[in-house]
Amino acid sequence: MAAATLTRADVIVTFNLADFPTEVLKPLRLEARHPDEFVLDLFDISNDLFVDAVKKDYEHYIEPKLSFADYVECRRRRIC
């Protein structure tokens, strides 16, 4: 939270939303977003940003290597 405040970020992207309650973040003009929601927000802003974010996320699945179809299914079911 300190880093987000110092860098004047608007959003903290985290899987751990429970540790960033809205009532604490709101006075700091911050919000916490799950990574999946953040990526979908990118799609609304720019298709190119969305595609780049998905590519980078997919590329980090090195071991075990996922096929793109498996990656999409994994993300759809929110299990990876």
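Following my numbering, the numbering of the sequence shown begins with 108 at its first residue and continues without gaps. Virtual Cβ for every residue (Gly too), placed ideally from N, Cα, C.
Residue i versus residue j - alpha carbon distance
i, j, result
"Met108", "Leu137", "9 Å"
"Cys187", "Val118", "22 Å"
"Leu132", "Ile152", "23 Å"
"Leu124", "Ser174", "29 Å"
"Lys172", "Leu147", "24 Å"
"Asp177", "Asp155", "22 Å"
"Val158", "Pro134", "33 Å"
"Thr129", "Arg115", "17 Å"
Outcome for residue i when other beta-carbon atoms lying within 10 angstroms are tallied against a minimum of 16
i, result
"Ala111", "buried"
Candidates the options, of which the one nearest residue i by Cα
i, options, result
"Tyr165", "Asp126, Thr129, Arg182", "Arg182"
"Asp126", "Arg140, Tyr168, Leu113", "Arg140"
"Val161", "Val179, Pro171, Thr114", "Val179"
"Val120", "Glu144, Asp155, Leu135", "Glu144"
(request) With a floor of 3 residues, list each beta strand (DSSP E) that falls wholly inside the segment 108-159, ordered by position along the chain. (result) 118-120, 138-140
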